[in-house]
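Taking it in order: structure first as structure tokens, then the write-up.
2 protein chains.
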Amino acid sequence: MSNFPITNTNKVRRMPKRGHYDRATVYGIIDEALVCHVAFVIDGMPTVIPTLHARRDDELLLHGARTSRMLQHVAAGNPMSVAITLLDGIVLARSVFHHSMNYRSVVLHGTGRLVESTEEKVAALEAFAEHVARGRWVDARQPSRKELKATSVIALPIEVAAAKVRTGPPLDEDEDYALPIWAGVLPLSLRAGNAIPDPRLDSDITVPAYVRKYRRLGS
Amino acid sequence: MSNFPITNTNKVRRMPKRGHYDRATVYGIIDEALVCHVAFVIDGMPTVIPTLHARRDDELLLHGARTSRMLQHVAAGNPMSVAITLLDGIVLARSVFHHSMNYRSVVLHGTGRLVESTEEKVAALEAFAEHVARGRWVDARQPSRKELKATSVIALPIEVAAAKVRTGPPLDEDEDYALPIWAGVLPLSLRAGNAIPDPRLDSDITVPAYVRKYRRLGS
């Protein structure tokens, strides 16, 4: 897959060696993460909120109630920034100074568009359902016309994009390696526990395999 | 602990029932989460980036290289917004429409100040180390004067703050409860795996208990 052009906006400034601009890395992070953080500006003031996302081809999708202030604001063509972050580990160095995190993150900038056609909206809702739990779309009750109307979908082209990735052990100052201090990485991952059936669920209905054996991509 | 005043800025608009304005809820989320997402505005354009945070009393602390664009920008008194998000589960409803997430999130707004005194800076670095792994500060090699100089710390008063929390089973339309569709919650949590020693670590040095038995608060 091709690379994103490096511009003043998406260039990784701090720790440039951690920057990645290839679609495979960026899309892998977007697809594995469940939620993103969306930043927008109203009256010069920034706001950032968490929300579920999905990806369809080269667009990041956001959705929510038609009345959502954030969705209305970005649907009006106002600039937005989106960050998607996966935590992979705590990096415990010998020195406090060199402590770090292993992580994979993506930052996007751009302008969203409101998805208007019913067909594209349904495809987007399928992408959200499948992003959350692959296999869920066909099992669940499909959106009604009323529900579709109540939902807004925004598509943000994934164009101004960069990933930032840290992996591997701590990097300490040469003279610190002799110190009698434990150093290493404590891996972290978002894991699923045992499914909790809805108290109102008919006990004859068994847990689907995509819930029972749930895993995020790549995790 | 007291409540934060509800203003136009921190009021939870979407799903107001999920809003919480008490310090215990807000601080519990801040203290459990490892990272936050910081939004700021440069030339009218929003940017959001992930970074580690810590809390000292009623301030959120951010830190990084003195040369960090984000830290320099917010140290100059520009407004910022910070979101902190914990994912607790995937809520699988019978209808696609009522799918949701269980989560606990905090959104803050305000203006940071650069921490200038050495004493306060060291206390902040202790807070970061202890936020990441309680017990780490006394074990690790303390910051040198040079390292302290190379690090900026920003303190954001936790004043304009709100938490948003969803818990519990899916809520479906009355007529959907009869559908033969599995519904429930798949719990999610950030878990630590087995510590990976630095390849350069002396094998006589054992893993500290706070790494071996690592847990986030409340998890």
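Taken in sequence, the protein lines are chains A and B. Take 1 as the starting number for the first sequence in the numbering used here and just add one per residue. Take 1001 as the starting number for the second sequence in the numbering used here and just add one per residue. Beta carbons are placed, not taken as given, at the ideal position from N, Cα and C, and that holds for glycine.
Counting only the same chain and skipping the five closest in sequence on each side, list residues whose C-beta sits under 6 Å from that of residue 1082 of chain B. As a position in the second sequence, residue 1082 of chain B is number 82, starting the count at 1. Only 1036, 1038 and 1108 meet the Cβ criterion.
Quick check: the Cα distance between residue 24 of chain A and residue 161 of chain A, rounded to an integer number of angstroms? Looking up residue 24 of chain A in the first sequence gives position 24. Looking up residue 161 of chain A in the first sequence gives position 161. One C-alpha to the other measures close to 12 Å.
Checking 8 Å against the spacing of the C-beta atoms, do residue 164 of chain A and residue 19 of chain A come in under that value? For the purposes of this step, residue 164 of chain A is taken as the residue at position 164 of the first sequence. For the purposes of this step, residue 19 of chain A is taken as the residue at position 19 of the first sequence. Yes.
Exercise for the section: Note the first and the last residue of the continuous alpha helix (DSSP H) segment covering residue 1148 of chain B. Expected result: As a first step, residue 1148 of chain B must be located in the second sequence, where it is residue number 148. Here the alpha helix (DSSP H) through residue 1148 of chain B covers 1145-1150.
Beta-carbon proximity of residue 75 of chain A to residue 135 of chain A, cut-off 8 Å: For the purposes of this step, residue 75 of chain A is taken as residue 75 along the first sequence, with counting starting at 1. For the purposes of this step, residue 135 of chain A is taken as residue 135 along the first sequence, with counting starting at 1. No.
Measuring alpha carbon to alpha carbon, tell me which residue in A/86, A/88 and A/71 is nearest residue 80 of chain A.
Within the first sequence, residue 80 of chain A is the residue found at index 80, counting from 1. That would be A/71, whose Cα lies nearest to the Cα of residue 80 of chain A.
What's the call for residue 1170 of chain B, buried or exposed, on a 16-neighbour Cβ count within 10 Å? Taking the first residue of the second sequence as 1, we reach residue 1170 of chain B at position 170. It counts as buried.
With C-beta atoms as the reference, is residue 1059 of chain B less than 8 Å away from residue 1216 of chain B? Here residue 1059 of chain B refers to the residue found at position 59 of the second sequence. Here residue 1216 of chain B refers to the residue found at position 216 of the second sequence. Going by C-beta atoms, residue 1059 of chain B is not nearer than 8 Å to residue 1216 of chain B.
**Q.** Segment contact flag, the stretch 42-54 of chain A with the stretch 114-134 of chain A, C-beta cutoff 8 Å, min 3 pairs
**A.** yes
- Item | Status (buried if at least 16 other CB within 10 Å, exposed otherwise) for residue 219 of chain A | Locating residue 219 of chain A in the first sequence gives position 219, where the first residue counts as 1. Bear in mind that the predicted position of residue 219 of chain A carries a pLDDT of just 45, short of 50, making it unreliable; the figure below should be weighed with that in mind. Its Cβ having fewer than 16 others within 10 Å, residue 219 of chain A is exposed.
**Item:** Span separating the alpha-carbon of residue 1106 of chain B from that of residue 1204 of chain B
**Value:** The residue given as residue 1106 of chain B occupies position 106 in the second sequence. The residue given as residue 1204 of chain B occupies position 204 in the second sequence. Rounded to the nearest angstrom, the two C-alpha atoms are 42 Å apart.
* Neighbourhood of residue 1006 of chain B by C-beta distance below 7 Å, restricted to the same chain and skipping five residues each side -> Sequence index remark: in the second sequence, residue 1006 of chain B carries index 6 (1-based). Answer for residue 1006 of chain B: 1021, listed in chain order.
message: Within 8 Å of any Cβ in chain B, is that where the Cβ of residue 95 of chain A sits?
response: Taking the first sequence and counting its residues from 1, one reaches residue 95 of chain A at position 95. With 8 Å as the cut-off, residue 95 of chain A counts as an interface residue toward chain B.
Chain-ordered neighbours of residue 4 of chain A on chain B, where CB pairs are closer than 9 Å: Against the first sequence, residue 4 of chain A aligns to sequence position 4. Those within 9 Å of residue 4 of chain A in chain B number zero; the least Cβ separation is about 16 Å.
Practice task
Determine the contact status of residue 199 of chain A and residue 1182 of chain B, defining contact as a CB-CB distance below 8 Å.
Solution key: Taking the first residue of the first sequence as 1, we reach residue 199 of chain A at position 199. Taking the first residue of the second sequence as 1, we reach residue 1182 of chain B at position 182. Cβ atoms of residue 199 of chain A and residue 1182 of chain B: not closer than 8 Å.
inquiry  = So that I know if they touch, is there some Cβ in chain B lying closer than 8 Å to that of residue 32 of chain A?
reply    = Counting from 1 along the first sequence, the entry for residue 32 of chain A is found at position 32. Output row for residue 32 of chain A: interface = no.
*So which of A/201, A/197 and A/185 has the shortest CA-CA distance to residue 1195 of chain B?*
Here residue 1195 of chain B refers to the residue found at position 195 of the second sequence. Of the candidates A/201, A/197 and A/185, the one whose C-alpha sits nearest the C-alpha of residue 1195 of chain B is A/185.
Can you tell me whether residue 128 of chain A is helix, strand or coil according to DSSP? The residue labelled residue 128 of chain A in the question sits at position 128 within the first sequence. DSSP places residue 128 of chain A in helix when its eight states are reduced to three.
Can you name the residues of chain A whose CB is closer than 8 Å to the CB of residue 1127 of chain B? Residue 1127 of chain B sits at position 127 when you count from the first residue of the second sequence. In chain order: nothing, as chain A lies at least about 11 Å away.
* **Assigned secondary structure, residue 164 of chain A (DSSP; H/G/I helix, E/B strand, else coil)** => For the purposes of this step, residue 164 of chain A is taken as residue 164 along the first sequence, with counting starting at 1. Residue 164 of chain A: strand per DSSP, three-state reduction.
### Message
I want to see whether chain A comes within less than 8 Å of residue 1174 of chain B, judged by CB atoms only; does it?
### Response
The residue you call residue 1174 of chain B lines up with position 174 of the second sequence. Cβ-Cβ to chain A under 8 Å: no for residue 1174 of chain B.
Rounded to whole angstroms, what's the CA-CA distance from residue 1095 of chain B to residue 149 of chain A? Just pull it up for me. For the purposes of this step, residue 1095 of chain B is taken as the residue at position 95 of the second sequence. For the purposes of this step, residue 149 of chain A is taken as the residue at position 149 of the first sequence. For residue 1095 of chain B and residue 149 of chain A, the distance between alpha carbons rounds to 15 Å.
DSSP-derived helix/strand/coil call for residue 70 of chain A
Locating residue 70 of chain A in the first sequence gives position 70, where the first residue counts as 1. Note: residue 70 of chain A maps to helix in three-state DSSP.
Quiz item: Per DSSP, what kind of secondary structure is residue 1016 of chain B in: helix, strand or coil?
Solution: As a working note, residue 1016 of chain B is residue 16 in the second sequence. It is helical.
- By Cβ distance below 6 Å, which residues in the same chain neighbour residue 213 of chain A in space, the five residues on each side in sequence not counted? Along the first sequence, one-based indexing puts residue 213 of chain A at 213. Excluding residues within five positions, none has a Cβ falling inside 6 Å.
Margin query: Is residue 72 of chain A close to chain B? Criterion is C-beta to C-beta, closer than 8 Å.
Written below: Residue numbering aside, residue 72 of chain A sits at position 72 when the first sequence is read from its first letter. Residue 72 of chain A does not count as touching chain B.
**Cβ shell of residue 4 of chain A (< 6 Å), same chain only, five flanking positions each side left out** = On the first sequence, residue 4 of chain A is found 4 positions in, with the first residue counted as 1. 21 and 161.
Closer than 8 Å to chain B by CB, residue 63 of chain A:
As a first step, residue 63 of chain A must be located in the first sequence, where it is residue number 63. Not closer than 8 Å to any Cβ of chain B, the Cβ of residue 63 of chain A fails to qualify, so no.
Based on the DSSP secondary-structure assignment, which residues constitute the bridge partners of residue 1051 of chain B? If you number the second sequence from 1, residue 1051 of chain B lands on position 51. Residue 1051 of chain B pairs with B/1036.
With distances taken Cα to Cα, identify the nearest neighbour of residue 1092 of chain B among B/1010, B/1016, B/1139 and B/1101. If you number the second sequence from 1, residue 1092 of chain B lands on position 92. Taking only the C-alpha atoms, the option nearest residue 1092 of chain B is B/1101.
> Who are the near neighbours of residue 48 of chain A in its chain, counting only those whose CB is closer than 6 Å to its CB and skipping five residues on each side?
Replying inline: Numbered from 1 along the first sequence, position 48 holds the residue referred to as residue 48 of chain A. Taken in chain order, the residues that qualify are 37 and 39.
Quick check on residue 8 of chain A: buried or exposed, where buried means 16 or more other Cβ atoms within 10 Å of its Cβ?
Numbered from its first residue, the first sequence carries residue 8 of chain A at position 8. Flag for residue 8 of chain A reads exposed.
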